[in-house]
Amino acid sequence: MQSSGNGQGNAMWGGRFADGPSAIMREINASIPFDKALWRQDIAGSRAHVSMLAAQGILTAGDAQTIDDGLQAIAAEYERDGVPEDWDLEDIHMTVESRLTELVGPVAGRLHTARSRNDQVATDFKLWVRESIDQIDAGLQAVQRALVTRAAEHADDIMPGFTHLQAAQPVTLGHHLMAYYEMLRRDRMRFASARERLDECPLGAAALAGTGFDLDREATAKALGFSQPTSNSLDTVSDRDFALDYLHAASLVSIHLSRLAEEIIIWASQPFGFIRLPDSLSTGSSIMPQKKNPDAAELVRGHAGRIIGAATALSITMKGLPLAYAKDMQDDKPPVFEAHGLLTLSLASMEGMIAGAEFNTDRMLSLAGSGHATATDLADWLVREAGVPFREAHHITGAAVARADEKGCALAELTQEDLAAIDPRVTPDALAHLTLEGSVASRRSYGGTAPDRVREQVKAARETLGMDS
Ligand code: ARG
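For the sequence shown, the positions run 715 to 1183 when my numbering is used.
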């Protein structure tokens, strides 16, 4: 809302000012358009603060009760009607306090005893980030469940495995899907460790130097679900590591989701034809009636740019700030809010795409042998059965590949004469080992693509996710 400013001083801090701020000052200063998202945290923080002030004898029990009743009434109002936006009130902290004054009168002025907006906003924002981490973890888990479920279905299905996007060796689709499960597993660890690091309550650091009032910082920390208070008041009011931790972890998730989205887009293209996306997560073209576009996947890929941009934005905001608080830090919230919204949507879209995709396993299988994908198996056979050093076996196999290309046939279709001409140690028996099934089944090293190894990975993942209980 445009300010109702009338040129008079600000009611909260205007004591020393003869003139009120200009319209431009009011507009550039106002964070209420976005920090109203913190209203729940702001009221929770104030309630913890006021109850501690009363317990310490800094406020009377009666005043504390009046203030607490007022805060609860405001919460009910905001829940029902939303938070009003008045630029003159700058931010959520002053908006709540001003409403409290309207509701309970001058006693409201006691709420801000032994507190500053600097420790207040750090507390509110930390609480918000903590909750957001929990939401992202739930979203990550949901995608993991979808991946694990589809991987179990397709533990035996063979597809081309790529390096350089060139057919490299056959792999199983279940193995490919479980690769993304692993990425998201690390993402969840990163968020969990970010959550541990933010587990210290800023409240009580006051403006920057602490306060002369006899606070019980342990009590407010505990009331707000933190294990302990922060240790250095200067650091406390100028620390936004927790927001950066969130954004960095979010960036990495977005990178993983973007890579999966990219694969989905490639797989859904006609030349590949590996996957059909659910109609509910695709769009059509206004001019080409036959089109079905993987827009959700493209937007997940696109959103990664914005999420990484948000991490960069806040890093650059913070990098040159001297201690302690500076108003630059008010710009901490929009990138985090934006990244959180985008990531939440991306996770939900990805869960839907993975759960609802139809995999064309015949098509995958038919392309799995292209590009002589089992050539390594021939080289391995020469090492194992004929005692040939691997480098030499590689060379012999290369000659077999060249011969097959010359004839326009698969490796397994080379004749006995072809093989004898290449190297007498390659017998027709070797060719029997070049089937796709034989190839994937043989890759039983821990973490390998063999169906029974994939089933092991799936089983462990289901246990971790509590899918069997
Ligand atoms: N709206 C401000 C922010 O988000 C609150 C802190 C204001 N502190 C101050 N000293 N002016 O950072």
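The beta carbon of each residue, even a glycine, is placed where N, CA and C say it ideally should be.
| Check | Outcome |
| --- | --- |
| Quick one: is the Cβ of H952 within less than 7 Å of any heavy atom of ligand 1? | Residue 952 is actually Ser in this sequence, not His. Not under cutoff, so the answer is no. |
| Under 7 Å: does the beta carbon of K1041 sit that close to some heavy atom of ligand 1? | yes |
| Could I get the ranges of all uninterrupted beta strand (DSSP E) runs contained in the region 932 to 969, with 3 residues as the minimum, in chain order? | none |
| As an exercise, report each continuous beta strand (DSSP E) stretch of at least 3 residues that is fully enclosed by the region 848 to 878, in chain order. | 872 to 877 |
| What residues in its chain sit with their C-beta under 6 Å from that of S717, if we drop five residues either side in the sequence? | The predicted position of S717 is uncertain, since its pLDDT is 47 and thus under 50; a value taken from the coordinates is nonetheless stated next. Excluding residues within five positions, the ones whose Cβ falls inside 6 Å are R740, W801 and D802. |
| Look at the Cβ atom of E799, then the Cβ atom of I757, and state whether they are nearer than 8 Å. | no |
| Taking all protein chains shown into account, do 16 or more other C-beta atoms lie within 10 angstroms of the C-beta of D795, making it buried, or fewer, making it exposed? | exposed |
| Does the distance between the C-beta of D800 and the nearest non-hydrogen atom of ligand 1 fall short of 7 Å? | no |
| Give me, in chain order, the residues of the same chain whose beta-carbon lies closer than 8 Å to that of I788; leave out the 5 immediate sequence neighbours on both sides. | I757, V810, R813, L814 and L817 |
| Buried or exposed for K1121, please, with buried defined as at least 16 other CB atoms from any protein chain shown within 10 angstroms of its CB. | exposed |
| Go ahead and label A778 buried or exposed: buried means 16 or more other beta carbons lie within 10 angstroms of its beta carbon, across all protein chains shown. | buried |
| Please state the DSSP three-state secondary structure of R1139. | coil |
| Does ligand 1 have a heavy atom nearer than 7 Å to the CB of S745? | yes |
| Tell me whether I989 sits in a helix, a strand or coil according to DSSP, three-state version. | strand |
| Below 7 Å, is the gap between the Cβ of Q1044 and the nearest heavy atom of ligand 1? | yes |
| N1007: which of A1027, W842 and I979 sits nearest, CA to CA? | I979 |
| Using only CA atoms, which one of L991, S1060, I1001 and M1002 lies nearest to H1017? | S1060 |
| If you measure from the CB of D783, is any heavy atom of ligand 1 nearer than 7 Å? | no |
| Determine contact between the region 837 to 854 and the region 1147 to 1160, defined as no fewer than three beta-carbon pairs at a distance below 8 Å. | no |
| Can you give me the C-alpha to C-alpha distance between M808 and H763, rounded to a whole angstrom? | 16 Å |
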